[in-house]
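Asker: In this note's numbering, the protein residues as written are 205 to 1044.
Positions of the beta carbon are idealized from the N, C-alpha and C atoms, including for glycine.
(1) Among 440, 419, 439, which has the Cα closest to the Cα of residue 430?
(2) Give a yes or no on contact between the region 662-670 and the region 1018-1034, applying the rule of three or more CB pairs nearer than 8 angstroms.
(3) Have a look at residue 557 and residue 526 and give me their C-alpha separation to the nearest angstrom.
(4) Per DSSP, what are the beta-bridge partners of residue 365 in this structure?
(5) Could you pull out every residue in the same chain whose Cβ sits closer than 8 angstroms to the Cβ of residue 294, ignoring the five residues on either side in sequence?
(6) By Cβ distance, which residues of its chain are closer than 7 angstroms to residue 244, with the 5 residues on each side in sequence left out?
(7) Excluding the 5 residues flanking residue 921 on each side, which residues of the same chain have their C-beta closer than 6 angstroms to its C-beta?
(8) By the three-class DSSP mapping on this structure, what secondary structure does residue 841 have?
(9) What first and last residue would you give for the beta strand (DSSP E) that runs through residue 413?
(10) With contact counted as at least three CB pairs below 8 angstroms, one residue from each stretch, are the region 978-992 and the region 684-703 in contact?
(11) Answer yes or no: do residue 333 and residue 296 have a C-beta to C-beta separation smaller than 8 angstroms?
(12) With burial defined as no fewer than 16 other Cβ atoms inside 10 Å of the residue's Cβ, what is the status of residue 726: buried or exposed?
(13) To the nearest angstrom, how far is the alpha carbon of residue 1031 from that of residue 964?
(14) Judging by CA-CA distance, which residue of 611, 778, 764, 637 is the nearest neighbour of residue 756?
(15) Have a look at residue 657 and residue 695 and give me their C-alpha separation to the nearest angstrom.
(16) Alpha carbon to alpha carbon, how far is residue 1004 from residue 1015?
(17) Rounded to the nearest angstrom, what separates residue 1020 and residue 932 at their Cα positions?
(18) Please report how far the alpha carbon of residue 587 lies from the alpha carbon of residue 528, in whole angstroms.
(19) Cβ-heavy atom distance between residue 560 and the ligand MG below 7 angstroms?
(20) In the region 788-871, which residue ranges form an unbroken alpha helix (DSSP H) of at least 4 residues, counting only runs that do not cross its ends?
(21) Roughly how many whole angstroms lie between the Cα atoms of residue 887 and residue 262?
(22) When you compare the CB positions of residue 815 and residue 767, do they come within less than 8 angstroms of one another, or not?
(23) For the beta strand (DSSP E) that contains residue 755, what are its first and last residues?
(24) My output table needs one value for residue 288: the three-state DSSP class, helix, strand or coil.
(25) So, helix, strand or coil for residue 438, using DSSP?
(26) Does DSSP classify residue 360 as helix, strand or coil?
(27) Can you look up residue 770 in the DSSP assignment and give me helix, strand or coil?
(28) Does the separation of the CB atoms of residue 388 and residue 329 fall below 8 angstroms?
(29) Provide the residue(s) that pair with residue 317 in DSSP beta bridges, ordered along the chain.
(30) By Cβ distance, which residues of its chain are closer than 6 angstroms to residue 393, with the 5 residues on each side in sequence left out?
(31) Determine the extent of the beta strand (DSSP E) in which residue 354 is found, giving its start and end residues.
(32) According to DSSP, which residues form a beta bridge with residue 1046?
(33) Along the beta strand (DSSP E) that carries residue 263, what are the first and last residues, could you check?
(34) Are the region 714-729 and the region 829-845 touching by the rule of at least three beta carbon pairs closer than 8 angstroms?
(35) Quick one: measure Cβ to Cβ for residue 762 and residue 858, integer angstroms, because I've assumed they're closer than 8 angstroms.
(36) If I measure Cβ to Cβ from residue 788 and keep anything under 8 angstroms in the same chain, skipping five residues before and after, which residues do I get?
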């Protein structure tokens, strides 16, 4: 107990040491508890507002077969105040899809609110959303022809007249929604069935009894088609849980990165405790000299670590709680409603306990090492011990063993990588092997880090060494304490490894997505026949004359036998006419070589026929044939999911008609307004031509995919940033502790002529070198493992190394680690040489 009291009094005299050793743990405690609060707020917001069933719905009838007769019977059931049938039906207006939805328009069960005009009150009247007005031109007061009714065989019947009498605000607005009352929509569409019935129970009625009576209404319906009445709250909860499950999946990914941040915090804490104990060897030696045993010293140091974790964890939780409750208040200033996270006490206690565990585990190894030092060795001074460069035989053996394990697992993955079109390939075992190999490599880096510091420093630290005496002092300071440098640089390396992997993987995936969207959505718009009706050349010429659209590219299709193999779709789309198609890259050959007598094959067609670039291949359609030379082979499909792209003259030789299968075109300018104007221009042109064609806005699909990919990459890199924050905190902590414990050394340097500015520069340069070493090691690990992961996925994504982005990451990490040392350096420079030399 006397040893423990001595240690605690030392902590009380030096509270800055407690703060510095616990800073990384404080940050990770904040991150962990803030993540819990964010999940709480997200789930509450989902449960409160994202369910598709209105809050006023008490009973929901769904599943089975529901028609207008059953709706009428439910409406007459005792205790039912209101019952609304829902319909989700599809139609065509001017070749564009229109979603027709049933809604009362007013009352507690309404899903819409009228913002202009009125809600429909007769068959043929509809109310549309604001974006539908913009995209489809269904303006208030307009009347349009709509293809809504079809016979039992799917053949279109006579068109119906739709009059837009209102504009409504709805929860979702995708640009193709129209609303009308249930009865009017049934008459308009002839829809035989409803999707569900929403019921509001009369005030004072027993909901369970009403639900039971509604189920009795369905007693005469066959078991296979009998609907089921369910509690409205249960349905809302199920709908919300479906969304929350997506949220939980996201937070499961977040938890993985938080776990990585916890590991990083543990490494930083271990490093800082090791530095503190190394600098306190004189005190520990004196305790040993007066009779303190190793066990008592280890216990006292472990208790000190636990108290550090308790203090840091509590502060981190309190800060996170304050921020969590501040967010809804700030959102309220901007008229945004965000649910309060409450005070999850169990999670708070768990976070604090986690902080204690991290610090106790972090302190055990340094404490045990410190307690084993003999009084004589410790009395030689901290600098001698702190500057040890050997790592011991056991650590060498462990490091080499981990390295061998990492190499063997990586070799297994390399030898079993899938080909271009793998059959029955399961990527999961390969990804697990990559993760295991990466973990082995990282922990090998932890074990062998001290012996890697000096070679890396010699290779990358030459600019600082050549900058002058101060630079040489900085490089010498890092190289003279390789254990300290390795302990901090390894954490930086962890963050850079993850970021480099994310950037390389993201860039490769981005190229793959660009390639696939270029194939499936090569333009902003596509005009095709509703029933495979051809597009006449006159319509194409009208589109080319319109200044609202550009890059008008008609195409034809044929089914042809390629190389005596399968009959596959081919097209004559001119690939140079669309900017999006410039994102395509050839697996072999050159797309620029395409022309008369040449063909561009899809990867599948090349595999089936066995031909390569430069070979000739026969195309046979009906009784016509052509022998063409392969100019290029694509990695996957050809544009429009064809198997081959021919020159228009060669497709004509194979019997293609003069009319077109479809037309691709782009908006004349960028932006939502230009896209809407282009859509309207195509609508007007096809209406004037008097045909029946469908217009698909492919750009919306492309934008949605790109937005999802961008958001995913931003989230991943943001989460990985937690590790970088921990690493920067570790660098700052290490530099600050170095300043606190190396006061005498700083005094000697000042006494021999080093200026305040020179001392500040030296210590800041030391911090920057931690970033240089860590970033270099991180890039050396991150890029190869990212390549392995990209190849192991089996999605044929090309390896893309974003050199500029990686260089920015390297530079930013060096700047951040340098900035982390600025304040400690300023503090060291303020101490006078006399006071520094007098320090113990």
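Answerer: Reading from the atomic positions:
(1) Walking along the chain shown from the start, residue 430 turns up at place 226. Considering only 440, 419, 439, the residue with the shortest C-alpha distance to residue 430 is 419.
(2) No contact exists between the region 662-670 and the region 1018-1034.
(3) As a working mapping, residue 557 is identified with position 353 in the chain shown. As a working mapping, residue 526 is identified with position 322 in the chain shown. For residue 557 and residue 526, the distance between alpha carbons rounds to 19 angstroms.
(4) Indexing the chain shown from 1 puts residue 365 at position 161. 349.
(5) Position 90 of the chain shown, counting from 1, holds the residue named residue 294. Hits under 8 angstroms: 301, 302, 303, 304.
(6) The residue labelled residue 244 in the question sits at position 40 within the chain shown. The answer, listed in chain order, is 545, 546, 548.
(7) For the purposes of this step, residue 921 is taken as the residue at position 717 of the chain shown. Result list for residue 921: 706, in chain order.
(8) Locating residue 841 in the chain shown gives position 637, where the first residue counts as 1. Reduced to three states, the DSSP call for residue 841 is coil.
(9) Counting from one through the chain shown, the residue named residue 413 turns up at place 209. Unbroken run through residue 413 is the alpha helix (DSSP H), 411-421; no beta strand (DSSP E).
(10) Yes, they touch.
(11) Taking the first residue of the chain shown as position 1, residue 333 is located at position 129. Taking the first residue of the chain shown as position 1, residue 296 is located at position 92. Going by C-beta atoms, residue 333 is not nearer than 8 angstroms to residue 296.
(12) Against the chain shown, residue 726 aligns to sequence position 522. Counting every other CB atom within 10 Å of its CB across the protein chains shown gives residue 726 a total of 16 or more, marking it as buried.
(13) Counting from one through the chain shown, the residue named residue 1031 turns up at place 827. Counting from one through the chain shown, the residue named residue 964 turns up at place 760. If I take the Cα positions, the gap works out to 9 angstroms.
(14) Residue numbering aside, residue 756 sits at position 552 when the chain shown is read from its first letter. The option with the nearest alpha carbon to residue 756 is 778.
(15) Position 453 of the chain shown, counted from the first residue, corresponds to residue 657. Position 491 of the chain shown, counted from the first residue, corresponds to residue 695. Going by the C-alpha atoms only, they are around 13 angstroms apart.
(16) As a position in the chain shown, residue 1004 is number 800, starting the count at 1. As a position in the chain shown, residue 1015 is number 811, starting the count at 1. Each residue's Cα considered, the two are about 20 angstroms apart.
(17) Residue 1020 sits at position 816 when you count from the first residue of the chain shown. Residue 932 sits at position 728 when you count from the first residue of the chain shown. Their backbone Cα atoms lie some 7 angstroms apart in a straight line.
(18) In the chain shown, counting from the first residue as 1, residue 587 sits at position 383. In the chain shown, counting from the first residue as 1, residue 528 sits at position 324. A caution first: residue 587 carries a pLDDT of 47, below 50, which makes its placement in the model too unreliable to give a value.
(19) With respect to the ligand MG, the structure shown offers nothing to examine, as it has no ligands at all.
(20) If one requires a minimum length of 4 residues, the alpha helix (DSSP H) runs lying completely within the region 788-871 are 807-813, 852-857, in chain order.
(21) Numbered from 1 along the chain shown, position 683 holds the residue referred to as residue 887. Numbered from 1 along the chain shown, position 58 holds the residue referred to as residue 262. Cα to Cα, the separation comes out at about 44 angstroms.
(22) By one-based count along the chain shown, residue 815 stands at place 611. By one-based count along the chain shown, residue 767 stands at place 563. Less than 8 angstroms divides the Cβ of residue 815 from the Cβ of residue 767.
(23) Reading the chain shown from its first residue, position 551 is the one you call residue 755. Per DSSP, residue 755 belongs to the beta strand (DSSP E) from 753-759.
(24) The count along the chain shown starts at 1 and reaches residue 288 at position 84. DSSP places residue 288 in strand when its eight states are reduced to three.
(25) To locate residue 438, count along the chain shown from 1; it is residue 234. Note: residue 438 maps to helix in three-state DSSP.
(26) In the chain shown, the residue the question calls residue 360 occupies position 156. Reduced to three states, the DSSP call for residue 360 is strand.
(27) Looking up residue 770 in the chain shown gives position 566. Correct three-state label for residue 770: coil.
(28) On the chain shown, residue 388 is found 184 positions in, with the first residue counted as 1. On the chain shown, residue 329 is found 125 positions in, with the first residue counted as 1. Yes, these two residues count as a Cβ contact at 8 angstroms.
(29) Sequence index remark: in the chain shown, residue 317 carries index 113 (1-based). Its beta-bridge partners are 373.
(30) Position 189 of the chain shown, counted from the first residue, corresponds to residue 393. Answer for residue 393: 293, 352, listed in chain order.
(31) Counted from its first residue, the chain shown places residue 354 at position 150. Premise fails: residue 354 is in no beta strand (DSSP E) and is neither H nor E.
(32) The first residue shown for the chain is 205 and the last is 1044, placing residue 1046 beyond what the model contains.
(33) In the chain shown, the residue the question calls residue 263 occupies position 59. Counting along the chain, the beta strand (DSSP E) containing residue 263 begins and ends at 263-266.
(34) Output reads yes: the region 829-845 touches the region 714-729.
(35) Start at 1 with the first residue of the chain shown, and residue 762 comes out as number 558. Start at 1 with the first residue of the chain shown, and residue 858 comes out as number 654. Contact holds; Cβ gap of about 6 angstroms.
(36) For the purposes of this step, residue 788 is taken as the residue at position 584 of the chain shown. Within the same chain, residue 788 has close Cβ partners 719, 722, 723, 779, 795, 838, 843.
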